[in-house]
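Trainee: Encoded as structure tokens, here's the structure I'll be asking about.
2 protein chains.
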Amino acid sequence: MTERVTLSQIAKQCGANKSTVSRVLNNRCDASFSVQPQLRDKILRVARQMRYRPNLHAQTLARRQTRLIAVPRLVPSGDSEHVPGIYDAVTSHLVPYFREHGFEVCSTYYDPQHDKTLLPPWGVDGLVVMHRSPSHLIDELEEAAMPYVCVNCPTGPAGHSIQVDDTGGAELALGHLLALGHRRIAYRRFRTHLPPLHSSMIARHDSYLQFLSDHGLKPVKPHDGPWDEPELYLRKIIKAGATAVLAYDHVEAIRLLKASQKAAVRFPQDLSLVCFNDEFPCSMVMPSLTSVALPTAEMGKHAAQILIEQLNGQLTGESPLEYVLPETLVVRQSTVSCTM
Amino acid sequence: MTERVTLSQIAKQCGANKSTVSRVLNNRCDASFSVQPQLRDKILRVARQMRYRPNLHAQTLARRQTRLIAVPRLVPSGDSEHVPGIYDAVTSHLVPYFREHGFEVCSTYYDPQHDKTLLPPWGVDGLVVMHRSPSHLIDELEEAAMPYVCVNCPTGPAGHSIQVDDTGGAELALGHLLALGHRRIAYRRFRTHLPPLHSSMIARHDSYLQFLSDHGLKPVKPHDGPWDEPELYLRKIIKAGATAVLAYDHVEAIRLLKASQKAAVRFPQDLSLVCFNDEFPCSMVMPSLTSVALPTAEMGKHAAQILIEQLNGQLTGESPLEYVLPETLVVRQSTVSCTM
DNA sequence: TGTAACTTAGCAACCGGTTGCTAAAGGGTT
DNA sequence: AACCCTTTAGCAACCGGTTGCTAAGTTACA
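Respectively, the protein sequence lines represent chains A and B.
So for the first sequence, my numbering puts the first residue at 15; every next one is plus one.
So for the second sequence, my numbering puts the first residue at 15; every next one is plus one.
Structural data, given as structure tokens:
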């Protein structure tokens, strides 16, 4: 770390004591402290001249609070292509809100392979967790009494969380298809053989089954079990009479789009397509994708709000908050009336 | 900040002095210090039992170094859709490398609207800058003698940097088109009326002009000046006889793809398409995009390497390093032989 | 037995701020 | 002039570690 201007240096310059300088710069003019305008101005001037920037480590040590929020980010393992989820969207809404309230935000990097904690080695006042994390890591947060809020991922027993209503989103999407006359609706699951990485993998699939059952429809196979390559999957569901597909996310949807040529399926004429996650490039592909938008702005804002309240001690004693935010449907070109 | 176990508490538990505990936990057994195995083990055991985690702020203060690297990230302004560049790809390669060398990495958020510095308010040992930043911010880094390395963006007079060879990349792309028989090659500029946000906007365009000129070809208008909507742009270049397009980035390319229907152009039959940035979803759109891949892994690794060497004082006195890394061409479906 | 040399561990200052408490200076009143 | 109150500002301890130096205890050797 490069050497910086310190309080004492400023104090010496001004012929004052560093405690005075500290109080002036922090505007600590309570009943027990005051300065003459003359000295005050001099201190402020000198500090600006010397480009004084307080050492946050020292401040943290003395104040016992950092006003720093960590947002752990998953380090992508291996050389897999970076596929964007909603992390960035939510984070970008989180940051300004925290800043308005005097908190800084930093992303830390959590590598499931190596890291044994979500907590950064430097102190923070709180965390916003956006990835499903091993429960012992969440437990650790609670043991350490570290304020945190989970966004779109499972929380611990005492943790507040922001969830999205995937069931409602699925209903919007499926209702839309139903209204367009579709009766044979398939579900395209997430691209992995691994056990569910995220609760949405279960929620979206379950909601699919529930909705169909509620409306007297039968699921189109395959909707679970082993993962088929896109082309094979399309052939299977077409054979099974599907006229529409609900995809786990935009990436799956885009892969289906791509496989359509080989599988001799035309979107949307032969098959309508809806997906979760209205993120790039949903609006830019051809046909543009009808998709369920997660309320990323709201998620970010509420998460920040809850965490700030926690930090201000306004949420003690209450039972954990769980906000469930609605999703919305953005209709585009990939869904059309059923012609079958 | 929640209260944590401190050195002194451990020391008291062990009936030892905190300095001894500190040295044991940090394995400081130089010539001037040693402990009996018995005490050593006890300290280690108690520390583990009490789940001791050193306070990094205190350590930083005492050691005068943080072993923390900041990677500023642009806060997207307004509600614009998050469009991924290569930031994430590079960062994900940066992190493991730094960690292997004992450094932690955090992303900080830089908001051009409000922030007057790239430096986070807490101390860091160095920065990896990946966004074109106002030059006075870079100057500030140099004045503060803060080690930094710029990746794919302009650096200050004394700053090391990692650049990519956009000219080479353009030559690969254009050479590929040339080999396929294309002679009327258009260039699709970045989607903004603003002055160049990034040097690549100039470099790629210039390289385009240079290559054509070198090979006795004429640019297809419009390749600069006001930005046209994708559809209008396509109509214009088709009218001008274009058989291929080089796009500034994958987002532009995808937008062109989308506009093709309205503009009555077929990719790749009527128009071949190459773009810079081989990122999601280049391989997943239809037709998949022939694209120039930036060496994100290499960029991350070299950036980390240079910064670590700087931090170790191995790079003093030398003139600034500038690594220029080659780009590679990934040929996919969007480019075919010219049939005109 | 005295002493040099080595091992083991503690003292205390320091990193750069913050803050409770106290002291000095200034002003007003009796 | 003595006294009290208020304003102004400094002293010093503290936050939780790190580290140079020193002290106590052991062993080795003359």
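No residue lacks a Cβ here, since even glycine has one placed at the ideal position from N, Cα and C.
With 8 Å as the threshold, decide whether the Cβ of B/MET300 is near any Cβ in chain A.
Mentor: Numbered from 1 along the second sequence, position 286 holds the residue referred to as residue 300 of chain B. Yes, B/MET300 lies at the interface with chain A (some Cβ there is under 8 Å from its Cβ).
Trainee: Take every Cβ of the region 299-308 of chain B, pair it with every Cβ of the region 321-328 of chain B, and state whether three or more of those distances are shorter than 8 Å.
Mentor: No, they do not touch.
Trainee: If we call anything under 8 Å between Cβ atoms a contact, is A/ILE83 one with A/GLY170?
Mentor: Taking the first sequence and counting its residues from 1, one reaches residue 83 of chain A at position 69. Taking the first sequence and counting its residues from 1, one reaches residue 170 of chain A at position 156. Cβ distance not < 8 Å, so A/ILE83 and A/GLY170 don't count as in contact.
Trainee: Using 10 angstroms around the beta-carbon of A/HIS316, count the other beta-carbons present and answer buried if the total reaches 16, otherwise exposed.
Mentor: One-based indexing of the first sequence puts residue 316 of chain A at position 302. Buried.
Trainee: Taking one C-beta from the region 257-277 of chain A and one from the region 225-245 of chain B each time, how about it: are there three or more such pairs within less than 8 Å?
Mentor: No, they do not touch.
Trainee: Please classify A/ALA277: does DSSP put it in a helix, a strand, or coil?
Mentor: For the purposes of this step, residue 277 of chain A is identified with residue 263 of the first sequence, where counting begins at 1. Coil at A/ALA277, not helix or strand.
Trainee: Return yes when the Cβ of A/ALA261 is within less than 8 Å of the Cβ of A/ILE199, no when it is not.
Mentor: Locating residue 199 of chain A in the first sequence gives position 185, counting from the first residue. Locating residue 261 of chain A in the first sequence gives position 247, counting from the first residue. No; because the gap between Cβ atoms is not below 8 Å, this pair is not in contact.
Trainee: Give a yes or no on whether the C-beta atoms belonging to B/PRO359 and A/GLU118 are separated by under 8 Å.
Mentor: Nothing about residue 359 of chain B can be read from this structure; chain B reaches only from 15 to 354.
Trainee: Give me the Cβ distance between B/ILE322 and B/LEU335, rounded to the nearest whole Å; I'm assuming they're in contact under 8 Å.
Mentor: As a first step, residue 322 of chain B is located in the second sequence; it is residue number 308 there, counting from the start. As a first step, residue 335 of chain B is located in the second sequence; it is residue number 321 there, counting from the start. Incorrect: roughly 13 Å between the Cβ atoms, too far for contact.
Trainee: I need the DSSP call for A/TYR124, collapsed to helix, strand or coil.
Mentor: Here residue 124 of chain A corresponds to residue number 110 of the first sequence, with the count starting at 1. It is a strand residue.
Trainee: Sort out for me which residues DSSP pairs B/GLY140 with in a bridge.
Mentor: The residue labelled residue 140 of chain B in the question sits at position 126 within the second sequence. B/GLY140 pairs with B/ILE83.
Trainee: Considering only their Cβ atoms, is the gap separating A/PHE47 from A/ARG37 smaller than 8 Å?
Mentor: If you number the first sequence from 1, residue 37 of chain A lands on position 23. If you number the first sequence from 1, residue 47 of chain A lands on position 33. Yes, Cβ-Cβ distance for A/ARG37 and A/PHE47 is below 8 Å.
Trainee: Do B/VAL288 and B/THR206 have their CB atoms nearer than 8 Å?
Mentor: For the purposes of this step, residue 288 of chain B is taken as residue 274 along the second sequence, with counting starting at 1. For the purposes of this step, residue 206 of chain B is taken as residue 192 along the second sequence, with counting starting at 1. No, they are not a contact pair.
Trainee: Is it true that the CB of A/LEU248 sits closer than 8 Å to the CB of A/ALA273?
Mentor: Here residue 273 of chain A is taken as the residue at index 259 of the first sequence, counted from 1. Here residue 248 of chain A is taken as the residue at index 234 of the first sequence, counted from 1. It is a contact, given that the beta carbons lie within the stated cut-off.
Trainee: Using DSSP with H/G/I as helix, E/B as strand and the rest coil, what is B/GLN324?
Mentor: Counting from 1 along the second sequence, the entry for residue 324 of chain B is found at position 310. If DSSP states are grouped into helix, strand and coil, B/GLN324 belongs with the helices.
Trainee: Can you give the beta carbon distance from B/TYR222 to B/LEU188, rounded, assuming they're within the 8 Å contact cut?
Mentor: As a working mapping, residue 222 of chain B is identified with position 208 in the second sequence. As a working mapping, residue 188 of chain B is identified with position 174 in the second sequence. Yes, they are in contact, since the Cβ atoms of B/TYR222 and B/LEU188 sit about 7 Å apart, within 8 Å.
Trainee: DSSP three-state label for B/CYS296, please.
Mentor: Here residue 296 of chain B refers to the residue found at position 282 of the second sequence. If DSSP states are grouped into helix, strand and coil, B/CYS296 belongs with the helices.
Trainee: Assuming A/HIS190 contacts A/TYR201 (C-beta within less than 8 Å), just tell me the rounded distance between them.
Mentor: Reading the first sequence from its first residue, position 176 is the one you call residue 190 of chain A. Reading the first sequence from its first residue, position 187 is the one you call residue 201 of chain A. No, A/HIS190 and A/TYR201 are not in contact; Cβ-Cβ is about 15 Å, not under 8 Å.
Trainee: Which residues in chain B sit within 8 Å of A/LYS272, going by Cβ to Cβ distance?
Mentor: Taking the first residue of the first sequence as position 1, residue 272 of chain A is located at position 258. Within 8 Å Cβ-Cβ: MET298, VAL299, MET300, SER302.
Trainee: Compare the beta carbon distance of A/PRO244 and A/LEU285 with 8 Å and say whether it is the shorter of the two.
Mentor: Residue numbering aside, residue 244 of chain A sits at position 230 when the first sequence is read from its first letter. Residue numbering aside, residue 285 of chain A sits at position 271 when the first sequence is read from its first letter. Their beta carbons are not under 8 Å apart, which means A/PRO244 does not touch A/LEU285 by this criterion.
Trainee: If you draw a straight line from the C-alpha of A/GLY29 to the C-alpha of A/GLN73, how long is it?
Mentor: Along the first sequence, read from residue 1 onward, the residue named residue 29 of chain A stands at position 15. Along the first sequence, read from residue 1 onward, the residue named residue 73 of chain A stands at position 59. Cα-Cα distance, rounded: 22 Å.
Trainee: Taking the alpha carbon of B/GLU157 as the reference point, which residue from B/GLN275, B/ILE176, B/SER175, B/LEU132 has its own alpha carbon closest?
Mentor: What you label residue 157 of chain B is simply residue 143 of the second sequence in a count that begins at 1. Comparing Cα positions, the closest option is B/LEU132.
Trainee: Specify, as a first and last residue, the run of the alpha helix (DSSP H) that A/PHE112 falls within.
Mentor: Numbered from 1 along the first sequence, position 98 holds the residue referred to as residue 112 of chain A. It spans 101-114 - the alpha helix (DSSP H) in which A/PHE112 sits, taken as one unbroken run.
Trainee: Pick out whichever of A/GLU154, A/HIS196, A/ARG65 has its Cα sitting closest to the Cα of A/GLN283.
Mentor: In the first sequence, the residue the question calls residue 283 of chain A occupies position 269. Checking every option, the nearest Cα to that of A/GLN283 belongs to A/HIS196.
Trainee: Could you tell me whether any Cβ in chain B is nearer than 8 Å to the Cβ of A/GLN328?
Mentor: In the first sequence, residue 328 of chain A corresponds to position 314, counting from 1. Answer no: the Cβ-Cβ gap between A/GLN328 and chain B never drops below 8 Å.
Trainee: Could you give the first and the last residue of the continuous alpha helix (DSSP H) run that contains B/GLN23?
Mentor: The sequence position of residue 23 of chain B within the second sequence is 9, counting from 1. It spans 21-28 - the alpha helix (DSSP H) in which B/GLN23 sits, taken as one unbroken run.
Trainee: Is the beta carbon of B/LEU70 closer than 8 Å to that of B/GLY314?
Mentor: Against the second sequence, residue 314 of chain B aligns to sequence position 300. Against the second sequence, residue 70 of chain B aligns to sequence position 56. Not a contact, by the Cβ cut-off of 8 Å.
Trainee: Have a look at A/LEU151 and A/ARG62 and give me their C-alpha separation to the nearest angstrom.
Mentor: Translated into the one-based positions of the first sequence, residue 151 of chain A becomes position 137. Translated into the one-based positions of the first sequence, residue 62 of chain A becomes position 48. Straight-line Cα distance between these residues: approximately 43 Å.
Trainee: Who are the Cβ neighbours of A/ARG346 in its own chain at under 8 Å, not counting the five residues just before and after it?
Mentor: Along the first sequence, one-based indexing puts residue 346 of chain A at 332. Cβ within range, chain order: CYS296, SER297, PRO301, SER302, LEU303, THR304, SER305.
Trainee: Could you tell me which whole alpha helix (DSSP H) segments of length 4 or greater appear in the region 46-70 of chain B?
Mentor: The qualifying runs are 51-63.
Trainee: Helix, strand or coil: how does DSSP classify B/PHE225 here?
Mentor: The residue labelled residue 225 of chain B in the question sits at position 211 within the second sequence. Note: B/PHE225 maps to helix in three-state DSSP.
Trainee: Since B/GLU332 sits in a beta bridge, which residues does DSSP pair it with?
Mentor: Residue numbering aside, residue 332 of chain B sits at position 318 when the second sequence is read from its first letter. In the DSSP output, where bridge partners are listed per residue, B/GLU332 has none listed.
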